[in-house]
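Protein chains in written order, with this note's numbering: chain A, 1 to 91; chain B, 1 to 1001. Here is the structure we will look at.
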């Protein structure tokens, strides 16, 4: 159970949040232009790395805002929290 | 109580308060302050249980949570009885009833004891090897294995006790109230930190508090007296919250910890009424100090498990703390100096100590010299090779070790002994440290794993860190705590500690015997009966990883989780495979540290508080009118309304007939409702639904289908345009929260440029849905001024009307195929409007119907229910709902996936209707559909998703998903059931009113 510092509400218990998987996968603007492989890349392919991973989190039982989290999957250490639309930090 | 076993005048036991208890049907006595174990020992009872596999007699071995043998069934009440309780941990109370486990008919005469003689036939992995073949026999084996497995009996009735949860926050959490934890607490408090101090026993002070020798001195005082003053000081310290009888169960990441406090288990049963039994603390600590101490190890030799063989530290505690002698003919068997403290305690209490056997060549420490000076016989470089006495040890045989320590030489010596105190050194309790993700380091000097690296703000001190001697414990605890807390000076900086120092060390994981290993029983895990032989067998059979060896031999898998067994198991594996123990690593320590009751884990979340349940504003009316309810998500929905003892089938037939022939009314308040506003609301709907929304006029309603990005149907519902930039979306009851989350996600992350605002209003409105040929007349009676003509108020349209002061949103929409109106009002008027409808509908026999009838009515019309007829693998094309996919829209969620190579396959499962050849035969939902029963293996073509008997059509109807279903219309197929095979024909999905004429009444 980790603590997450919601950029809108401050530090809260993990139980208030839900994880939304890998971050920075933008929905293609013109899906119909993509072939099956390209669409599948967007739809299905996700990284599963040991180390710092960029993830989407939602403060579901709070402000309901989505934001990004850079989390080390090997020890759950949160390296950085930043808002939607911001570029991933260089770590 | 046997007089010569109880030593009087011990400060921790109150001899003025005599308590009675019952063990295996016999009434016995102990004192307030006793544990059940010390009370049993004072009655000369060692034999308390039988081992798991061989049913060997086993006695009390320890004085703490590591106890493997003395686990008892407490209580004889069906609801309150508790299995697997360690006698060493339960405080004696008046009227305690306990029984031995895993023995029949009694602990003294146990039929299962025959397994001991069959043991050559029961090696490690016996069950895995034997009960594999033939595979089809497993069900028969399982019955017998389950009967012989397990130790105690679970309570059979609901737990009547109350349990509690509480959150706590602190600057410094200190786990363990021994001397190192107490010193750390004082240092932290002096620095003005908020300290939470947990101690699993009822008193603070750890093992030092009852240590009564003249060698250990702190600041020139006897160490226990110095400690008592510190404890008094800490008890009055406002910065320190002390929780005793509180054991730490789990140490999670981010310094989140769970601890369990026992509040009533030490009280007599009558004093427990209306009190909370246990409390679970959920602790967030800025910093954590682990001072959990160490556990003494046994020694591993032939027949080392007899009742009367105990840890040396336990023998000492029973004398010094409880005033109980564990035997009258004591022998100590050790490999280190700490057991000599036991020797001093035995001597001081006037208890006979026949000899000390030490595997070392000599020891020249202060404490050993003192024991030598008392004239006690010490056998240096000797080992115990065998013990005798079936239900209680009575003799031991010892021999001299050879130079290498791997064999015995010389003459056998036999010694009388009714209590053998053994010590194999000490193991730091690093469980919590590793639970928290910390990595261990192996220390070759003491053969221990000690805390090394951690990511968390935590510190291990005292013997939990590997410091065993008092000067190291105190000086290092003070130094490390100061550094951890960034403190320059403390009041302990000039502390002066004197204690005996151990100089000679020797360790042999598996002691040699005069007979071959195969003829011996050197136990490692007492509870699970695994021996050194089993470990070696596992290695011979190719198990290399310590985790595999553990599972194969079950070493360390009992309720004590290998607290005693693990180090020897690792040592023997390392010795046998010539591996360094540090390279071997340890098995994983998992929470909870000691077993928790389920009651503690769930706390108050039992019964009606197990989960929240949601009730509609009309709920009370449904209750008053005899509704049966079903759970839909968290909602309680009226399922059907049986009249005069009707069965569910009869009620549903009556309700659906009434809805088709005259009028019915459904509470539809549970449907998810999302209020959508903003200048881009229309564009937003276009993007989230498959169909087009641009042309929907104000005051009109439209059915929409929502997909996942993978093209699979996600939700459906009717959305009404209330105003220029204002819509009301409805969702399925169960999907409401997920749909809301999904839409918010898209708005915030993919389309932040859209001017759209979403508000969940599910709970804000109540909905009464009136349907049937007489619906219009009923609505007309309620809203007299409302023009209900088809021209003014056609199907799929909406009007806002007032009933007195109540704003009503009336939608003419239908899920039954009948003429139907849904009246939405603010939730507080829900019951009022419902009763108004019932009253107005009385002359038309308006019939309340529940979800079951609703399902039947919509199935007759072939309307799907998302989640029943779909399962996350169905596209709209699979559902034969191609008509709802807009061809013109450039994009919507899931559009691209509708022509992936997989979604355009012709042979996907598709939604079809099924009619049984026998119209009275009702299919079972979930039943498989096949074409040819004889071809093996049988091809499963699909399954039934919805099935009902239609009273209007007077036949059974069903919906099903079927491979290539679209092409199979008219095809005869089979639905095999356990006792018969049902013949069916594939049909259209619409069974009633294909022309859609009923919608206009």
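Heads up, the beta-carbon is just placed ideally off N, CA and C, and yes, glycines get one too.
Cβ distance (whole Å) where residue i is taken to contact residue j below 8 Å
i: residue 174 of chain B; j: residue 291 of chain B; result: 6 Å
i: residue 71 of chain B; j: residue 95 of chain B; result: Their Cβ separation, rounded to whole angstroms, is 20 Å, which puts residue 71 of chain B and residue 95 of chain B out of contact at 8 Å.
i: residue 55 of chain B; j: residue 103 of chain B; result: 7 Å
i: residue 269 of chain B; j: residue 477 of chain B; result: About 41 Å separates the two Cβ atoms, so there is no contact after all.
i: residue 834 of chain B; j: residue 733 of chain B; result: Going by Cβ atoms, the distance from residue 834 of chain B to residue 733 of chain B rounds to 17 Å, so no, they are not a contact pair.
i: residue 549 of chain B; j: residue 539 of chain B; result: 7 Å
i: residue 1020 of chain B; j: residue 463 of chain B; result: Limits of chain B in this structure are 1 at one end and 1001 at the other, which puts residue 1020 of chain B out of reach.
i: residue 992 of chain B; j: residue 861 of chain B; result: 6 Å
i: residue 896 of chain B; j: residue 31 of chain A; result: 4 Å
i: residue 663 of chain B; j: residue 830 of chain B; result: No, residue 663 of chain B and residue 830 of chain B are not in contact; Cβ-Cβ is about 19 Å, not under 8 Å.
i: residue 390 of chain B; j: residue 10 of chain B; result: Rounded, the Cβ-Cβ distance is 32 Å, inconsistent with contact.
Buried versus exposed call for residue i [16 or more other C-beta atoms within 10 Å across all chains shown]
i: residue 752 of chain B; result: exposed
i: residue 78 of chain B; result: exposed
i: residue 622 of chain B; result: buried
i: residue 695 of chain B; result: exposed
i: residue 374 of chain B; result: exposed
i: residue 26 of chain A; result: exposed
i: residue 51 of chain A; result: exposed
i: residue 1031 of chain B; result: Outside the displayed range of chain B (1 to 1001) lies residue 1031 of chain B, so it cannot be described from this structure.
i: residue 57 of chain B; result: buried
i: residue 846 of chain B; result: buried
i: residue 940 of chain B; result: exposed
i: residue 172 of chain B; result: buried
i: residue 333 of chain B; result: buried
i: residue 299 of chain B; result: buried
- In chain order, which alpha helix (DSSP H) runs of at least 4 residues are fully inside the segment 909-957 of chain B? none
- Counting Cβ pairs, one atom from each stretch, are 3 or more of them under 8 Å apart for the segment 916-936 of chain B and the segment 977-991 of chain B? yes
- Chain-ordered residues of the segment 62-79 of chain A with a beta carbon less than 8 Å from chain B: 64, 65, 66, 75, 76 and 77
- Starting from the N-terminal side, write out each stretch of the alpha helix (DSSP H) that is 4 residues or longer and does not extend beyond the segment 396-447 of chain B. Listed in chain order, the complete alpha helix (DSSP H) runs (minimum 4 residues) inside the segment 396-447 of chain B are 431-435.
- Query: Is it a yes or a no for the segment 211-228 of chain B touching the segment 561-577 of chain B, going by three-plus beta-carbon pairs under 8 Å?
  - Reply: Touching, no, given that fewer than three Cβ pairs across the two stretches are closer than 8 Å.
- Query: the segment 886-911 of chain B: which residues have C-beta closer than 8 Å to a C-beta of chain A, in chain order?
  - Reply: 890, 891, 895, 896, 897, 900 and 901
- 3-residue-minimum beta strand (DSSP E) runs that sit fully inside the segment 688-738 of chain B, ordered along the chain: 701-707, 713-723 and 726-731
- Task: Mind listing, in chain order, the continuous alpha helix (DSSP H) runs of no fewer than 4 residues lying wholly within the segment 786-860 of chain B?
- Result: 830-841 and 851-860
- Query: Given 8 Å as the limit, is there contact between the segment 810-821 of chain B and the segment 991-1000 of chain B, that is, 3 or more CB pairs closer than that?
  - Reply: yes
- Message: Between the segment 345-364 of chain B and the segment 8-23 of chain B, can you find at least three pairs of beta-carbon atoms closer than 8 Å?
- Response: no
- Message: Quick check for students: name the residue ranges of the beta strand (DSSP E) that lie wholly in the segment 12-39 of chain B, counting only runs of 3 or more.
- Response: If we require 3 residues or more, the beta strand (DSSP E) runs fully inside the segment 12-39 of chain B come out as 14-23 and 26-32.
- Query: Just by C-beta distance, which residues in the segment 242-264 of chain B are closer than 7 Å to chain A?
  - Reply: 252, 253, 254 and 256
- Is it a yes or a no for the segment 840-851 of chain B touching the segment 622-640 of chain B, going by three-plus beta-carbon pairs under 8 Å? yes
- In chain order, which beta strand (DSSP E) runs of at least 3 residues are fully inside the segment 22-73 of chain A? 52-58 and 66-72
- Item | Whole runs of the beta strand (DSSP E) within the segment 738-776 of chain B, excluding any shorter than 3 residues | 757-760 and 765-771
- Task: Spell out a yes or no on whether the segment 967-979 of chain B and the segment 673-686 of chain B are touching, meaning 3 or more CB-CB pairs, one atom from each, closer than 8 Å.
- Result: no
- Message: Counting only Cβ-Cβ distances shorter than 9 Å, please list the residues of the segment 29-61 of chain A near chain B, keeping chain order.
- Response: 29, 30, 31, 32, 34, 36, 39, 40, 42, 43, 44, 56, 58 and 60
- Item | Selection of the segment 691-719 of chain B by Cβ proximity to chain A, strictly under 7 Å | 709 and 710
- Query: Between the segment 436-448 of chain B and chain A, which residues of the former have CB atoms less than 7 Å from a CB of the latter, in chain order?
  - Reply: Those would be 437, in chain order.
- Item | Positions along the segment 459-487 of chain B whose CB lies within less than 8 Å of some CB in chain A | none
- Query: Is there contact here, the segment 408-422 of chain B with the segment 373-393 of chain B, by at least three beta-carbon pairs under 8 Å?
  - Reply: yes
- Query: Which parts of the segment 513-537 of chain B are runs of the beta strand (DSSP E), unbroken and 3 residues or longer, counting only runs that do not cross its ends?
  - Reply: 523-525
- Task: Please determine if the segment 497-516 of chain B and the segment 357-371 of chain B are in contact, where contact requires at least 3 C-beta pairs separated by less than 8 Å.
- Result: yes
- Query: Any residues in the segment 1-20 of chain A with a beta carbon nearer than 9 Å to a beta carbon of chain B? Which ones, in chain order?
  - Reply: Contact annotation: in the segment 1-20 of chain A, residues whose CB is within less than 9 Å of a CB in chain B are 1, 2, 3, 13, 14, 18 and 20.
- Quick one: complete beta strand (DSSP E) runs, 3+ long, within the segment 208-279 of chain B? 240-243, 246-252 and 256-262
- Message: Is it the case that the segment 908-916 of chain B contacts the segment 963-972 of chain B, given that we only count it when at least three CB pairs across the two stretches are under 8 Å?
- Response: yes
- Query: Within the chosen definition, does the segment 206-224 of chain B reach the segment 184-194 of chain B through at least 3 CB pairs nearer than 8 Å?
  - Reply: Output reads no: the segment 184-194 of chain B does not touch the segment 206-224 of chain B.
- Task: Go through the segment 288-367 of chain B residue by residue and report every complete run of the beta strand (DSSP E) that reaches 3 residues or more, in order.
- Result: You should have 294-296, 309-311, 330-334 and 353-358.
- Evaluate contact between the segment 740-759 of chain B and the segment 795-803 of chain B, counting only Cβ atoms and requiring at least three cross-stretch pairs below 8 Å. no
- For the segment 748-767 of chain B, enumerate the residues whose C-beta is nearer than 8 Å to any C-beta of chain A, in chain order. 748, 749, 750 and 752
- Message: Contact between the segment 690-709 of chain B and the segment 629-644 of chain B is defined here as three or more beta-carbon pairs at a separation below 8 Å; is this criterion met?
- Response: no
- Message: Within 8 Å, do at least three Cβ pairs link the segment 65-82 of chain A to the segment 1-8 of chain A?
- Response: Touching, per the Cβ criterion.
- Is there contact here, the segment 313-332 of chain B with the segment 3-13 of chain B, by at least three beta-carbon pairs under 8 Å? Put simply, the segment 313-332 of chain B touches the segment 3-13 of chain B. At least three CB pairs are less than 8 Å apart.
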